[in-house]
Structures are given as structure tokens and as C-alpha cells.
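Participant:
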Amino acid sequence: MELFYRSRKREIEALSSSIRAQEVLLIEQLVPKSVGDLWGEERGSNELTYPPPSLYALLSTYLRPDVDDVTKHRIVQYVFMDLTWIYEQHEHFGNVLQHLVTFPSTYSLKPSTIKVTQAFWHLDHQNFDDALGVLLDPLVHSSDITNVQQRAILRAFLYQDQRRHALKYATLRHPVCPELEDIQLHLTILIANNLISDALNYIRRNRNQKNSTELMQHLMSGCHEMRKFSVLLTLPLTDEEEEHVTDYLKQSRSLDLQEALLLFYIQRCKYPDAIAYSQRLNQVLLTEVTL
386 MELFYRSRKR EIEALSSSIR AQEVLLIEQL VPKSVGDLWG EERGSNELTY
436 PPPSLYALLS TYLRPDVDDV TKHRIVQYVF MDLTWIYEQH EHFGNVLQHL
486 VTFPSTYSLK PSTIKVTQAF WHLDHQNFDD ALGVLLDPLV HSSDITNVQQ
536 RAILRAFLYQ DQRRHALKYA TLRHPVCPEL EDIQLHLTIL IANNLISDAL
586 NYIRRNRNQK NSTELMQHLM SGCHEMRKFS VLLTLPLTDE EEEHVTDYLK
636 QSRSLDLQEA LLLFYIQRCK YPDAIAYSQR LNQVLLTEVT L
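Here the working numbering = 1-based position in the sequence shown + 385.
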């Protein structure tokens with residue numbers, strides 16, 4: 386198991402220098418820090434939060450007074466799912482594996498809690514269709530998934546090229562978005578699915594005086610990265626939004642975005658601005674040629 390999770394951690398962090406495995410692997414959200422530290426001490430390294438270094442270390446989780454019983458049972462359920470996955474090809478382990486599968490119901494865990502843990506395991510193992518199916522099961526209650534775990538679910542789908550799964554989950558489950566990073570994450574999902582108009586409307590529903598600039602910057606950066614800025618420029622914008630867009634384009638060093646701003650002025654019949662900006666571009670080009 387340790388080799389598998391080391392490999393998964395490397396795979397995720399290789400996607401981008403800004404992505405941390407702790408933000409994507411759901412088991413990282415399930416194991417409390419105190420338990421991870423306890424396992425790290427026995428392993429001799431805190432490089433991995435999971436798996437436990439031994440069966441004794443797993444059972445010692447039950448001695449932690451700071452961890453609630455439901456979390457302890459869920460960790461054991463996750464470990465048992467891993468063991469079932471590893472040994473399912475060995476016929477002589479059949480009876481044992483059957484008992485492992487029934488473990489959660491033995492401790493009367495809620496069906497929603499059991500299913501959420503199963504979904505976490507499927508996500509960590511890149512069984513994306515199975516994970517989404519379980520997460521959208523009517524028996525699953527959103528209250529059994531914390532805000533941090535909601536972020537990890539969306540990131541797990543999005544960062545691993547499952548943008549449609551991320552959109553479907555966000556649309557049908559409506560995760561609570563109390564923080565700026567949650568709103569930005571939802572924006573990224575919309576942009577990744579080429580829903581630029583929806584992204585702009587989402588900003589309008591969630592912005593305030595504190596976050597308006599950051600949200601527009603996030604939208605414009607995403608449109609630039611996805612080569613969808615031309616779509617944004619065709620949408621009806623408020624005066625404030627238009628100011629954000631023109632300021633962003635003016636500061637850009639991209640020739641494509643500079644030309645897009647010129648076209649934007651012409652389309653909006655702002656001919657004096659178009660002429661002034663065209664002259665400025667020509668002056669910049671002459672200066673660069675001279676240098």
C-alpha cells in the first residue's frame with residue numbers, strides 16, 4: 386500500500402508545481418493530524434500520512450481521545466477497502482475479505498457515512514465514475530462532507546482531467562462556498578468546461594466589495610489560459626467589469642490580447658479609445674524595433 390500511495394502522491398504533484406497531494410487525496414482529509422503524526426513516529430518519517438505502518442498502528446487509533454469514534458471507524462473501513470483491493474485476486478482470502486466488507490455495518494455507521502468513505506477511496510484510486518456515482522447517491526447527505534473535503538473532491542476531479550465530473554458534482558450537490566478559494570475553484574470548473582458566460586454570472590452572484598477584483602482577475606487569467614478571452618469580450622459587461630477587462634488587457638504582454646483590446650474598443654464603438662490605443666501600440670513597437 387505504501388508504494389501505491391507514494392506513487393499517487395508523485396503523480397498528483399507532477400501535474401503542477403502549485404498542486405499539493407494533501408489537497409487532492411481524500412484520505413489526507415480523513416486522517417486527523419494527530420493520527421498521522423502517531424503513524425509517522427512509528428514509520429520514522431512524516432512524508433506520508435497514509436497508510437498506517439502496521440496493524441498495531443491502525444488499532445492504536447482507537448486509543449486517541451481527541452478523535453471521534455466515527456472517524457476511527459471510517460479510517461479502518463478505508464484500510465479494509467485497500468486490503469480487499471489488494472487480496473481480491475487470491476481465492477483463499479475470500480471469507481476474510483467478506484468480513485472486511487461488512488465491517489462498517491457492524492459498527493452501525495450511517496449509510497451516508499459509509500458511502501462517502503467509499504467515494505473517497507474510489508477517488509484516490511482514480512475510479513472517477515464510481516466515485517461520482519456514489520457521491521450523487523440519494524443516501525449521501527452533504528452534511529457528512531466537510532468544506533475542506535468538498536474542495537478536495539472538486540480538485541480531485543478537476544486536476545485529474547475530469548472537468549465534466551467536477552461540473553456535474555458541483556451542479557447537483559451545490560457544495561457550500563463560504564470562502565474566496567471555494568468561489569475561485571468553482572469559477573475554474575466553469576471556465577474549464579468553456580462556460581464563460583456562466584462564470585461571469587457566478588461572479589455577479591457572489592462578489593462583494595472585498596473580492597470583486599480578485600474574482601475578475603481569476604476569470605480573466607482562466608480565460609487567457611484556456612484561450613477563451615475572445616468569448617468573454619463578446620459578453621455584455623457592466624462598466625466596472627469592462628474597466629477590469631481593459632486594465633487587464635492593457636497590462637498584458639501578449640500580442641493576441643493587445644489586438645483583442647483594440648477589436649474590443651471597435652466593437653463597442655469606442656473609436657477615440659481605439660485610435661489612442663492603436664497609436665500607443667505603434668509607439669511601443671517602434672521603441673522595441675529601435676532597441
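Beta carbons are placed, not taken as given, at the ideal position from N, Cα and C, and that holds for glycine.
Owing to the predicted nature of the structure, the values given are computational and were not obtained by experimental measurement.
How should Lys595 be labelled, buried or exposed, when 16 other C-beta atoms within 10 angstroms of its C-beta is the threshold for buried?
Facilitator: Walking along the sequence shown from the start, residue 595 turns up at place 210. Residue environment analysis places Lys595 among the exposed positions, since fewer than 16 neighbouring C-beta atoms fall within 10 angstroms of its C-beta.
Participant: Assign Arg612 to one of two classes, buried (16 or more other C-beta atoms within 10 Å of its C-beta) or exposed (fewer than that).
Facilitator: Position 227 of the sequence shown, counting from 1, holds the residue named residue 612. That one is exposed.
Participant: Using alpha carbons as the reference points, say which of Glu432, Lys418 and Ala541 lies closest to Leu388.
Facilitator: Here residue 388 is taken as the residue at index 3 of the sequence shown, counted from 1. Taking only the C-alpha atoms, the option nearest Leu388 is Glu432.
Participant: I need the boundaries of the alpha helix (DSSP H) containing Ile588, first residue and last residue.
Facilitator: The residue you call residue 588 lines up with position 203 of the sequence shown. For Ile588, the enclosing alpha helix (DSSP H) begins and ends at Ile581 to Asn591.
Participant: Compare the Cα-Cα distances from Thr598 to each of Ile568, Leu642, Leu618 and Ser639 and report the closest residue.
Facilitator: For the purposes of this step, residue 598 is taken as the residue at position 213 of the sequence shown. With distances taken between Cα atoms, Thr598 lies closest to Ile568.
Participant: Applying the 10 Å Cβ sphere with the 16-neighbour rule, what's the burial state of Asp509?
Facilitator: To locate residue 509, count along the sequence shown from 1; it is residue 124. Looking at its Cβ environment, which holds 16 or more other Cβ atoms inside 10 Å, Asp509 is buried.
Participant: Leu557: which of Lys655, Leu517 and Asn532 sits nearest, CA to CA?
Facilitator: Position 172 of the sequence shown, counting from 1, holds the residue named residue 557. Minimum Cα-Cα distance from Leu557 among the listed residues Lys655, Leu517 and Asn532 corresponds to Leu517.
Participant: What did DSSP end up calling Leu494 once you bin it into helix, strand or coil?
Facilitator: Your numbering for residue 494 matches position 109 in the sequence shown. Leu494: coil per DSSP, three-state reduction.
Participant: Decide yes or no for the touch test of the region 396-410 against the region 442-455: beta carbon pairs closer than 8 Å, at least 3 of them.
Facilitator: no
Participant: Verify whether the separation of the beta carbon atoms of Lys635 and Leu647 is less than 8 Å.
Facilitator: Within the sequence shown, the letter at position 250 stands for residue 635. Within the sequence shown, the letter at position 262 stands for residue 647. Taking 8 Å as the Cβ cut-off, Lys635 and Leu647 do not qualify as a contacting pair.
Participant: How close, in whole Å, do the beta carbons of Leu400 and Tyr544 come, if the pair is a contact with beta carbons under 8 Å?
Facilitator: Locating residue 400 in the sequence shown gives position 15, counting from the first residue. Locating residue 544 in the sequence shown gives position 159, counting from the first residue. Their Cβ separation, rounded to whole angstroms, is 6 Å, which keeps Leu400 and Tyr544 in contact under 8 Å.
Participant: Is Tyr447 closer than 8 Å to Ile412 when the C-beta atoms are compared?
Facilitator: Numbered from 1 along the sequence shown, position 27 holds the residue referred to as residue 412. Numbered from 1 along the sequence shown, position 62 holds the residue referred to as residue 447. The answer is no: Cβ separation not under 8 Å.
Participant: The alpha helix (DSSP H) that contains Ser445, what's its start and end?
Facilitator: The sequence position of residue 445 within the sequence shown is 60, counting from 1. Annotation for Ser445: the continuous alpha helix (DSSP H) segment containing it runs Leu440 to Ser445.
Participant: Considering only their Cβ atoms, is the gap separating Val452 from Pro417 smaller than 8 Å?
Facilitator: Locating residue 417 in the sequence shown gives position 32, where the first residue counts as 1. Locating residue 452 in the sequence shown gives position 67, where the first residue counts as 1. At the C-beta level, Pro417 and Val452 come within 8 Å of one another.
Participant: If you scan the region 532-560 from start to end, which runs of the alpha helix (DSSP H) of 4 or more residues do you find wholly inside it?
Facilitator: 532-544 and 548-558
Participant: Leaving out five residues on either side along the sequence, give the residues of the same chain with a beta carbon under 8 Å from the beta carbon of Thr531.
Facilitator: By one-based count along the sequence shown, residue 531 stands at place 146. Hits under 8 Å: Gln414.
Participant: With a cut-off of 8 Å on the beta carbons, I'd call Leu570 and Tyr587 a contact; round off their distance for me.
Facilitator: Reading the sequence shown from its first residue, position 185 is the one you call residue 570. Reading the sequence shown from its first residue, position 202 is the one you call residue 587. Not a contact, Cβ separation roughly 11 Å.
Participant: Please report how far the alpha carbon of Leu524 lies from the alpha carbon of Ser497, in whole angstroms.
Facilitator: Counting from one through the sequence shown, the residue named residue 524 turns up at place 139. Counting from one through the sequence shown, the residue named residue 497 turns up at place 112. Rounded to whole angstroms, Leu524 to Ser497 spans 5 Å at the Cα level.
Participant: According to DSSP, simplified to helix, strand and coil, what is Gln602?
Facilitator: To locate residue 602, count along the sequence shown from 1; it is residue 217. Here Gln602 sits in helix by DSSP.
Participant: Give me the Cβ distance between Lys553 and Asp522, rounded to the nearest whole Å; I'm assuming they're in contact under 8 Å.
Facilitator: To locate residue 553, count along the sequence shown from 1; it is residue 168. To locate residue 522, count along the sequence shown from 1; it is residue 137. At roughly 13 Å, the Cβ-Cβ gap does not stay under 8 Å, so Lys553 and Asp522 are not in contact.
Participant: Taking 7 Å as the limit between beta carbons, can you name the residues of its chain near Ile651, skipping five residues before and five after?
Facilitator: Locating residue 651 in the sequence shown gives position 266, counting from the first residue. Excluding sequence neighbours, Ile651 sits near Ala659.
Participant: Is the beta carbon of Cys608 sitting closer than 8 Å to the one on Leu617?
Facilitator: Here residue 608 corresponds to residue number 223 of the sequence shown, with the count starting at 1. Here residue 617 corresponds to residue number 232 of the sequence shown, with the count starting at 1. Cβ distance < 8 Å, so Cys608 and Leu617 count as in contact.
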